[in-house]
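Numbering (the working numbering), first residue to last: 31 to 370. Beta carbons: idealized from backbone N, C-alpha and C, even for Gly. Remember, predicted model here, so these are calculated numbers, not experimental data.
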Amino acid sequence: MPVHFEYLPYRASFRQPLLTAHGAWSEREGILVRLVGDTGRESLGEISPLPAWGTETLAAAQAFCAALPQQLDEQTVRTVPAQLPCCQFALETAWEALHRPDHPSPVRTLPMSALLPAGPGAIIAAERAAAQGFTTMKWKVGVGAPAAELALLPRVLEHLPAGGQLRLDANGAWDLPTARLWLESCADRPIEFIEQPFPVGQEEPVLSLANEFPTRIALDESVAVHSNLLRWLEFGWPGIYVIKPSLAGSPRKLLQLLDCYEAEAVFSSAFETSVGLRAALQVVARAPDNGRAVGFGTIGCFADERLNLPDPGHTLSTKWLARQAPGSLWQHLSNEPRAA
Ligand SMILES: [Mg+2]
């Protein structure tokens with residue numbers, strides 16, 4: 031039965047700008063979608079594009095929403111074009127939430143990874159994260175000079191608890207000599223993996239490095255959208271796949287694909303509001319458990335607290351998640367000045 035469809039663009043500032051190899055990033059733009067069934071029940075979904083990761087642009091998503099009819103049927107939701115992965119995610123998750131509200135995610139407790147900022151601020155952040163009980167941390171590198179960042183590495187590692195592990199995320203900033211320098215330095219240290227050393231389209235050296243060094247290598251930007259993910263799965267990439275569900279298109283197809291190829295996945299967020307985060311975490315809960323921590327360190331990233339999920343701490347239980355209703359976010363954002 032068709033349901034009523036509405037959409038609402040939003041723009042929201044981060045509590046602190048994020049510094050990555052892609053530059054400084056201070057605000058997020060996205061679109062909330064709302065589906066309302068004939069009984070008045072409603073559900074929300076979130077379109078949160080990252081065009082630098084290969085998704086559609088915000089303008090393309092907005093044009094798609096503007097062209098949709100006000101009454102949506104399941105066929106329309108299941109056939110959103112592949113070039114609009116964030117729209118696929120938002121509509122499918124909102125549709126599922128509306129039609130299968132009692133379909134629970136498996137009861138899971140997910141270990142969480144703490145996100146450490148680039149530069150020397152990582153040292154104090156690692157100390158704080160360890161005191162909060164985190165055992166997995168991710169440090170953004172590739173922002174400063176490699177020698178300066180490498181010199182900080184032992185000081186960040188000092189704060190890891192016993193048995194803890196550090197992930198390094200270069201966001202595609204390195205060249206081959208820099209990657210070799212880091213891999214040599216990481217070989218006998220508790221580094222869980224190095225994420226996206228090279229830019230998209232220039233990944234070829236990872237294949238030989240993955241055989242040459244003991245530290246695992248993960249691909250993130252390179253596998254963000256379905257077509258690229260499929261290419262690396264078919265190729266048989268022996269490393270880890272960082273999956274951002276809200277960028278990866280249809281969750282149903284994503285989980286089938288990962289299952290089919292027995293890919294080793296680490297799940298991650300992409301600066302979503304509580305609506306997108308809840309939906310993404312419900313996808314994670316349905317994926318096979320490989321014991322690796324979940325990279326949702328962006329929870330709490332917005333200056334306006336009403337957009338954030340509460341801080342779950344170093345683990346997140348799906349029972350806790352089920353209690354985090356989206357509340358009045360739609361009404362709140364409806365009252366905000368529209369994005370220009
Ligand atoms: Mg990454």
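Once the 5 residues before and after Arg-138 are set aside, which same chain residues still bring their CB inside 6 Å of it?
Walking along the sequence shown from the start, residue 138 turns up at place 108. So the qualifying residues of the chain are Ala-315 and Thr-348.
By DSSP's criteria, Phe-297 is part of a beta bridge. Which residues make up the other side?
Your numbering for residue 297 matches position 267 in the sequence shown. Note: Phe-297 sits in a beta bridge opposite Ile-273.
Verify whether the separation of the beta carbon atoms of Arg-45 and Ala-333 is less than 8 Å.
The sequence position of residue 45 within the sequence shown is 15, counting from 1. The sequence position of residue 333 within the sequence shown is 303, counting from 1. In contact: Arg-45 and Ala-333 (Cβ atoms closer than 8 Å).
Are there any heavy atoms of ligand 1 lying less than 7 Å away from the beta-carbon of Asn-241, as far as the coordinates show?
Counted from its first residue, the sequence shown places residue 241 at position 211. Outside the cutoff, so no.
Tell me the rounded alpha-carbon separation between Ile-247 and Ile-329.
On the sequence shown, residue 247 is found 217 positions in, with the first residue counted as 1. On the sequence shown, residue 329 is found 299 positions in, with the first residue counted as 1. Each residue's alpha carbon lies about 25 Å from the other.
Cα separation between Ala-152 and Glu-264?
In the sequence shown, the residue the question calls residue 152 occupies position 122. In the sequence shown, the residue the question calls residue 264 occupies position 234. Distance between the alpha carbons of Ala-152 and Glu-264: 37 Å.
Under 8 Å by Cβ, that's how I've got Glu-86 and Pro-115 pegged, so tell me the actual separation to the nearest angstrom.
Within the sequence shown, numbered from 1, the residue matching residue 86 stands at position 56. Within the sequence shown, numbered from 1, the residue matching residue 115 stands at position 85. With 8 Å as the limit, Glu-86 and Pro-115 qualify as a contact, their Cβ atoms being about 7 Å apart.
According to DSSP, Ser-73 sits in a beta bridge with which residue or residues?
In the sequence shown, the residue the question calls residue 73 occupies position 43. Ser-73 is bridged to Leu-65.
How is His-52 classed by DSSP in three states: helix, strand or coil?
Position 22 of the sequence shown holds residue 52. Note: His-52 maps to coil in three-state DSSP.
For Asp-218, which of Val-171, Pro-235, Gln-195 and Asp-205 has the nearest alpha-carbon?
To locate residue 218, count along the sequence shown from 1; it is residue 188. Here the closest residue by C-alpha is Gln-195.
Can you tell me whether Pro-176 is buried or exposed, with buried defined as 16 or more other CB within 10 angstroms of its CB?
Position 146 of the sequence shown, counted from the first residue, corresponds to residue 176. Buried, since its Cβ has 16 or more Cβ neighbours within 10 Å.
With distances taken Cα to Cα, identify the nearest neighbour of Ile-273 among Leu-48, Pro-340 and Leu-311.
Numbered from its first residue, the sequence shown carries residue 273 at position 243. Closest by alpha carbon: Leu-311.
Assign Gly-151 to one of three DSSP states: helix, strand, or coil.
In the sequence shown, residue 151 corresponds to position 121, counting from 1. Helix, per DSSP.
Within 10 angstroms of the Cβ of Asn-201, are there 16 or more other Cβ atoms? Answer buried if so, exposed if not.
Along the sequence shown, read from residue 1 onward, the residue named residue 201 stands at position 171. Asn-201 should be labelled buried.
For the beta strand (DSSP E) containing Ala-248, list its first residue and its last residue.
Residue mapping note: residue 248 aligns to position 218 of the sequence shown, counting from 1. That run of the beta strand (DSSP E) goes 246-249.
For Phe-146 and Asp-205, what's the separation of their Cα atoms in angstroms?
Locating residue 146 in the sequence shown gives position 116, counting from the first residue. Locating residue 205 in the sequence shown gives position 175, counting from the first residue. Per the sequence shown, residue 146 should be read as Leu rather than Phe. Taking the straight line joining both Cα atoms gives about 22 Å.
Confirm the yes/no value for this check: CB of Val-272, any heavy atom of ligand 1, distance under 7 Å.
In the sequence shown, counting from the first residue as 1, residue 272 sits at position 242. Val-272: yes, Cβ under 7 Å from ligand 1.
Does the distance from the CB of Gln-120 to the CB of Val-33 come in under 8 Å?
To locate residue 120, count along the sequence shown from 1; it is residue 90. To locate residue 33, count along the sequence shown from 1; it is residue 3. Before going on, a small fix: residue 120 reads as Ala here, not Gln. It is not a contact, given that the beta carbons lie outside the stated cut-off.
Please return the same chain residues whose Cβ sits closer than 7 Å to the Cβ of Gly-239, not counting the five positions on each side in sequence.
Position 209 of the sequence shown, counting from 1, holds the residue named residue 239. Gly is not the amino acid found at residue 239; the sequence shown has Leu there. Cβ neighbours of Leu-239 beyond the five flanking positions: Ala-209, Leu-213 and Ile-247.
Examine ligand 1 and report whether any of its heavy atoms sits within less than 7 Å of the Cβ of Asn-201.
Walking along the sequence shown from the start, residue 201 turns up at place 171. Asn-201: yes, Cβ under 7 Å from ligand 1.
With a CB to CB cut of under 8 Å and the five nearest residues on each side skipped, what residues in its chain are close to Leu-260?
Stepping through the sequence shown from its first residue, residue 260 is reached at position 230. Within the same chain, Leu-260 has close Cβ partners Leu-287.
What separation, rounded to the nearest whole angstrom, lies between the Cα atoms of Ala-352 and Glu-242?
Walking along the sequence shown from the start, residue 352 turns up at place 322. Walking along the sequence shown from the start, residue 242 turns up at place 212. Taking the straight line from one Cα to the other gives about 44 Å.
Look up Leu-198 in the DSSP assignment and say whether it is helix, strand or coil.
Taking the first residue of the sequence shown as position 1, residue 198 is located at position 168. In this structure, Leu-198 counts as strand in the three-state DSSP scheme.
For Gln-101, name the three-state secondary structure that DSSP assigns.
Taking the sequence shown and counting its residues from 1, the one referred to as residue 101 is at position 71. Three-state result, Gln-101: strand.
Closer than 7 Å: is that where the CB of Glu-225 sits relative to any heavy atom of ligand 1?
Locating residue 225 in the sequence shown gives position 195, where the first residue counts as 1. Under cutoff, so the answer is yes.
Relative to the C-alpha of Val-107, which candidate in Ala-124, Pro-275, Tyr-40 and Gly-70 has its C-alpha closest?
By one-based count along the sequence shown, residue 107 stands at place 77. The shortest C-alpha separation from Val-107 is found at Ala-124.
What residues match up with Ile-329 in a beta bridge as DSSP calls it?
Position 299 of the sequence shown, counted from the start, is the residue given in the question as residue 329. Ile-329 pairs with nothing; no bridge assigned.
What's the C-alpha gap between Gly-306 and Leu-337?
Along the sequence shown, read from residue 1 onward, the residue named residue 306 stands at position 276. Along the sequence shown, read from residue 1 onward, the residue named residue 337 stands at position 307. Gly-306 and Leu-337: Cα-Cα distance of roughly 10 Å.
Which whole-angstrom value is the C-beta distance of Leu-198 and Val-236, which I expect to be below 8 Å?
Working through the sequence shown from its first residue, we reach residue 198 at position 168. Working through the sequence shown from its first residue, we reach residue 236 at position 206. That pair is no contact at about 14 Å.
Closest to Thr-166 by CA distance: which of Asp-341, Gly-321, His-362 and Leu-180 is it?
Here the question's residue 166 lines up with position 136 in the sequence shown. Minimum Cα distance to Thr-166 is reached at Gly-321.
For the beta strand (DSSP E) holding Thr-166, just list the boundary residues, first then last.
Looking up residue 166 in the sequence shown gives position 136. That run of the beta strand (DSSP E) goes 166-170.
Do the CB positions of Ser-304 and Leu-339 come within less than 8 Å of each other?
Translated into the one-based positions of the sequence shown, residue 304 becomes position 274. Translated into the one-based positions of the sequence shown, residue 339 becomes position 309. Yes, the Cβ-Cβ distance between Ser-304 and Leu-339 is below 8 Å.
Which residues bound the alpha helix (DSSP H) around Ser-143?
Along the sequence shown, one-based indexing puts residue 143 at 113. Note, Ser-143: premise wrong, no alpha helix (DSSP H); beta strand (DSSP E) at 143-146.
For Ala-254 versus Ala-278, is the C-beta distance shorter than 8 Å?
Stepping through the sequence shown from its first residue, residue 254 is reached at position 224. Stepping through the sequence shown from its first residue, residue 278 is reached at position 248. Going by C-beta atoms, Ala-254 is nearer than 8 Å to Ala-278.
Report the rounded CA-to-CA distance for Gly-14 versus Gly-67, giving the unit in angstroms.
What is shown of the chain runs 31 to 370, which leaves residue 14 out entirely.
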